[in-house]
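Read in order, the letters of the sequence shown are residues 1 to 954 in full-length UniProt numbering.
Here is the structure we will look at.
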Amino acid sequence: MDKVNQSTIDDIPPNFHHPYQPYHVQLEFMRTVYDILEKGNGQVGILESPTGTGKSLSLLCASLTWLRSHARQRFTSTHDTLAAQMSAAGEPEWMVNAALRKHREELVRRWEEREKALERARRREREMEERAARDSERRRGKRVKGDGEDGGKGSRLGELEEEREFLVRDWEEDEEGDGLRGLSRETRELMMRVGMGGGKREEDGNDKGEEEETVKIYYTSRTHSQLTQFISELRRPTFPPSVPPDLLSRTHDQPSSETIKEVPLSSRQKLCINPSVSRLGSLSAINDRCTELQQSKSKDRCPYMPTAENLKQTHEFRDAALATIPDIEDLHRIGKELQVCPYYASRTAIPAAEIVTLPYQLLLQKSAREALGIKLEGNVVIIDEAHNVMDAIANVHAAEIRLSELKRARGMLGVYVKRFGKKLKGANRVMVAQVGRVVESLSECLMGFLGGKTDQGILESSTLLKARGADQINLYQLINYIQESKLAYKVESYASHIEEQQDPSTTSTSRPSCSPVLHTLVSFLTALTNLTTEGRIFYEKLPSTTPNTPPDIKLSYLLLSPTHAFSSIASSARAIILAGGTMSPFDDYKTHLFPTHSPAKITTLSCGHVIPRENLFGWVLASVKPTPQGGQVSTGVVQDGMFEFSFQKRNDPSMIRQLGLVLLNICSVVPDGVVVFFPSYKYLEDVVQAWQGKDAEPQPQSIWERLSGKKAVLCEERGGDTDELLRGYSEAILSPTTGPGTTRKPGGALLLSVVGGKLSEGINFADRLGRCVVVVGLPYPNAHSPEWKARLEYVEAAVLEGLERERQQNPVAGGGGETASAGAAAPSSDSQDLGQGADGQQPCQSQVVGSATAPPAQAQARAQPDAQARAQARQAAQAFYENACMRAVNQSIGRAIRHRGDYAAVVLIDRRYASPRVREKLPGWIRAGIVEGSEHKGLQGLMGGLRGFFKGRE
């Protein structure tokens with residue numbers, strides 16, 4: 001941990017306005033957050049606080065305490081600046097004092113007017129809620145009938161109606177390229193006036209109020225449910241006003257607190273209140289239809305879009321949002337009550353908001369930020385649940401398309417052109433034909449790979465568009481055309497319309513969300529036009545899902561490193577906080593998200609847990625039998641009874657049987673719920689099949705039957721119903737009766753799941769649901785898959801490039817400095833073992849080698865630094881590989897112990913967990929809870945420890 005400087009401790013307030021008495025670890029966490037935000041200037045905090053320690057509440061208390069303090073300082077600084085300017089100009093003292101008094105009164109007056117307006121909005125909200133409770137039916141009857149509703153007539157559209165709805169309009173390429181593209185001039189001007197502009201804003205000093213310059217906090221998390229939970233936490237504490245108390249004391253009624261001004265942002269899919277648009281289902285179809293209804297040539301304008309006629313309702317929406325700390329559902333409700341679009345109207349609240357909440361995809365994607373008018377410069381970014389932020393960045397920029405989707409796209413285009421081909425005018429005819437050529441070229445490319453011998457691989461983008469002259473097409477122009485003309489939406493809508501005519505049982509509410517393949521094509525083409533050295537294109541054959549389904553193949557674009565994609569955030573924000581329950585190990589975040597930040601700008605913190613030390617029992621089970629103390633069980637030959645679930649060794653029948661017996665013993669001692677995490681679905685299936693067999697068992701019952709006699713056994717399946725599985729697991733533990741006339745034994749339940757599966761993240765196994773968590777093996781990714789080969793090669797190449805650049809800048813130092821390999825782990829005897837954990841081979845072998853044609857003398861001079869550089873590059877790639885494994889392990893472990901009074905055992909079954917190299921990547925609170933020397937004590941020691949831990953506990 002990088003300790004907070006003592007010089008700044010005195011400046012950190014003792015009162016963070018926490019609604020409860022904070023624990024010591026919470027105070028430490030809040031002080032660290034406050035210090036990072038106060039320093040600013042691009043400071044970064046990578047903070048780990050275990051689940052159950054009140055991380056989110058501590059985050060908001062620290063950040064909002066700082067924000068209000070910063071706002072008060074801003075009031076004071078503007079006051080002092082004015083005084084200094086007038087004094088420097090030689091103004092007399094009486095004039096300076098008069099000007100300062102007027103300035104102070106103006107600041108307070110504006111603040112009071114804003115607070116009074118918000119109080120009126122709160123009163124209106126309460127009145128509307130009461131009125132809604134009394135007469136909700138009457139209010140529903142007044143809803144505006146949305147565009148496209150046919151009142152249930154279900155009649156077929158005539159030819160003119162078909163053309164009006166599905167035919168693309170005349171297209172002009174020179175439309176303005178900003179976040180408001182596709183909207184009418186009147187709508188653009190109105191949205192600019194009320195602060196709802198996109199990427200390009202008009203430079204108008206009169207429209208730019210002082211509130212737009214205030215520092216904001218942009219808080220993001222992975223899912224809407226997590227954001228909703230954060231907003232509920234936001235309603236707990238109260239904070240003092242953002243105006244200095246010496247100014248407020250001059251008024252008659254001095255408030256002691258000020259409501260937090262928060263606005264949540266989301267997609268149209270979550271916020272649209274137009275039933276004819278929201279019913280389309282898919283996000284891409286909703287986006288296209290929404291923007292189409294704003295175009296100046298659109299016959300049926302959206303009745304909810306902010307206009308000059310409903311500007312009053314738009315301002316009422318803004319005030320209601322700022323007055324009530326709303327979540328997404330609240331914004332949707334307010335929009336329906338005021339009959340104004342929440343998606344667009346919510347942007348009017350951004351300038352005055354103190355904190356803006358939004359999901360990952362809206363913050364991590366630059367184009368999404370520009371469309372929403374989000375500016376990070378000088379503001380604070382907090383990324384919660386940040387353990388998967390690098391994966392989230394990759395997912396935001398990823399794209400894939402399948403051959404079956406291309407075939408469907410070709411069919412839909414054929415149907416569309418057959419109906420409207422003669423109606424398409426010049427540019428439209430050319431561009432639609434180009435779309436067809438691109439689809440044909442991609443299809444022919446995939447057909448060739450489908451008939452090849454290899455199942456997966458990497459390919460160059462130039463090979464995708466060789467056929468049909470598609471490589472001569474301007475993809476930028478083509479993508480722009482599809483987006484501007486809404487071609488994808490119109491083609492898919494018409495195809496669904498035809499399907500509905502042919503099959504009347506298909507309702508119009510399912511159009512066109514059933515298969516938005518052309519939108520998928522646009523996403524993939526967009527990825528092709530944004531190729532960087534950090535991205536690769538892969539192909540992979542897909543097996544048939546049913547006997548009558550032909551085999552398929554897919555193309556996918558993968559971002560190998562998040563560095564460039566995240567750089568616009570890392571270089572803009574005043575401060576960035578990455579927070580999570582299991583952030584360990586930290587190195588990858590520093591190396592791949594903040595490679596240009598100096599160590600002085602990065603603060604890391606790993607908090608302890610709030611539980612008493614005796615509430616956690618940690619154990620590394622390296623072998624069934626005890627081994628001599630002082631020996632290295634993590635290295636050397638695997639002896640009989642030792643556990644090593646590496647790829648080469650994990651299918652040993654004897655070890656699988658021993659694992660079953662270990663779980664049988666654990667289930668005999670541990671009450672209630674036991675959750676076991678396996679490295680993969682395939683291995684879980686193999687183990688279950690082996691346990692269900694009786695041939696190798698001396699007992700009359702199989703291991704599976706014996707486990708079922710101890711506890712109810714449930715197993716996670718790939719693609720299975722997680723909710724149903726969890727319901728059965730909970731009932732087996734908490735409810736003694738499972739059905740009429742049947743009684744469950746009071747032993748609880750055993751849940752077999754997978755690291756990285758649906759149960760390993762975001763699931764709460766608190767109290768009786770998770771008295772013991774067992775992790776079997778180390779879930780290393782498949783280092784020989786094309787994706788991971790490309791990732792590891794990229795990491796090696798990037799490190800070598802950095803070392804070479806360093807050597808050129810400092811030739812005296814030679815090659816291979818420490819600085820360039822910050823993410824590399826030091827060589828150790830565990831390196832090869834860890835690499836073999838995935839498939840028994842070294843996971844990353846560099847393909848970047850020195851020149852083979854160099855003269856002997858030059859080669860000899862370069863040999864040592866080149867060899868050192870390659871060794872450091874391999875170490876960096878291996879560290880990246882190991883860290884991916886350990887982040888997944890840490891997430892699984894974190895499913896247990898969810899609050900201060902909780903208690904659980906954590907058992908890690910694999911001798912490699914005894915390695916210091918692996919142990920140091922576990923969270924600090926887990927490392928502290930592992931029984932010293934447990935790797936030598938075997939199963940007998942584990943059982944004695946478990947009995948002692950659970951003895952006397954309820």
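For each residue, glycine too, the CB sits at the ideal point set by N, CA and C.
For residue i, which residues of its own chain have a beta-carbon under 7 Å away from its beta-carbon, when the five flanking residues on both sides are left out?
i: Thr-389; result: Contrary to the premise, residue 389 reads as Val rather than Thr in this sequence. Same-chain partners within the cutoff: Ile-383, Leu-578.
i: Asp-686; result: Asn-651
i: Leu-234; result: Leu-60, Ile-260, Glu-262, Ile-325
i: Arg-301; result: Leu-293
Around the C-beta of residue i, are 16 or more other C-beta atoms found within 10 angstroms, so that it is buried, or is it exposed?
i: Gln-472; result: exposed
i: Ser-915; result: buried
i: Gly-756; result: buried
i: Pro-255; result: exposed
i: His-784; result: exposed
i: Met-95; result: exposed
i: Asp-721; result: exposed
i: Pro-22; result: buried
i: Glu-796; result: buried
i: Glu-354; result: buried
i: Gly-952; result: exposed
i: Ala-879; result: buried
Taking the C-alpha atoms as reference points, what is the distance between residue i and residue j?
i: Leu-67; j: Arg-74; result: 10 Å
i: Gln-226; j: Thr-591; result: 27 Å
i: Gln-43; j: Ile-217; result: 14 Å
i: Val-33; j: Thr-53; result: 15 Å
i: Val-669; j: Lys-711; result: 11 Å
i: Ala-386; j: Ser-232; result: 20 Å
i: Val-432; j: Ile-401; result: 19 Å
i: Lys-422; j: Leu-446; result: 31 Å
i: Val-754; j: Val-775; result: 9 Å
i: Lys-336; j: His-315; result: 14 Å
i: Tyr-539; j: Glu-801; result: 28 Å
i: Thr-545; j: Gln-502; result: 26 Å
i: Cys-885; j: Val-676; result: 17 Å
i: Ile-926; j: Phe-617; result: 9 Å
i: Glu-405; j: Met-412; result: 10 Å
i: His-24; j: Leu-47; result: 15 Å
i: Pro-306; j: Ile-334; result: 14 Å
i: Gln-808; j: Leu-560; result: 26 Å
i: Arg-468; j: Ile-479; result: 18 Å
i: Gly-452; j: Arg-887; result: 36 Å
i: Leu-659; j: Arg-870; result: 39 Å
i: Gly-762; j: Arg-895; result: 8 Å
i: Tyr-913; j: Arg-718; result: 27 Å
i: Phe-449; j: Gly-941; result: 55 Å
Would residue i count as contacting chain D if we go by Cβ distances under 8 Å?
i: Thr-214; result: In the structure shown, chain D does not exist; there is a single protein chain.
Give me, in chain order, the residues of the same chain whose beta-carbon lies closer than 6 Å to that of residue i; leave out the 5 immediate sequence neighbours on both sides.
i: Leu-528; result: Ser-461
i: Ile-482; result: Ala-488, Val-522
i: Gln-692; result: Ser-702, Trp-704
i: Ala-575; result: Ile-36, Leu-37, Gly-40, Gln-43, Val-380
i: residue 956; result: Since the first residue of the chain shown is 1 and the last is 954, residue 956 is not available in this structure.
Our contact map puts residue i next to residue j with C-beta atoms below 8 Å; I'd like the distance itself, whole angstroms only.
i: Ala-392; j: Tyr-360; result: 5 Å
i: Ala-690; j: Pro-653; result: 7 Å
i: Ser-242; j: Arg-104; result: About 15 Å; that fails the 8 Å criterion.
i: Val-906; j: Leu-778; result: No, Val-906 and Leu-778 are not in contact; Cβ-Cβ is about 15 Å, not under 8 Å.
i: Gly-673; j: Leu-725; result: With 8 Å as the limit, Gly-673 and Leu-725 do not qualify as a contact, their Cβ atoms being about 13 Å apart.
i: Ser-902; j: Ala-732; result: A small fix is needed here, since residue 902 is Asp in this sequence, not Ser. Contact doesn't hold; Cβ gap of about 20 Å is too wide.
Here's a check: name, in chain order, each residue in its chain whose Cβ is nearer than 8 Å to the Cβ of residue i, leaving out the five neighbours to either side.
i: Lys-270; result: His-224, Ile-328, His-332
i: Glu-28; result: Leu-605, Cys-607
What are the start and end residues of each continuous alpha helix (DSSP H) run of 4 or more residues lying completely inside the segment 583 to 668, in chain order? 587 to 593
Output the residue ranges of the beta strand (DSSP E) runs that lie fully inside the segment 857 to 929 and measure 3 residues or longer, sorted by chain position. 904 to 909
In chain order, what are the residue ranges of uninterrupted beta strand (DSSP E) at least 3 long that sit wholly in the segment 753 to 778? 772 to 776
Ignoring anything shorter than 3 residues or poking outside the segment 499 to 573, list the beta strand (DSSP E) runs there in chain order. 535 to 542, 552 to 559
Let me know the beta strand (DSSP E) ranges lying completely inside the segment 258 to 287, each 3 residues or longer, listed in chain order. 262 to 264
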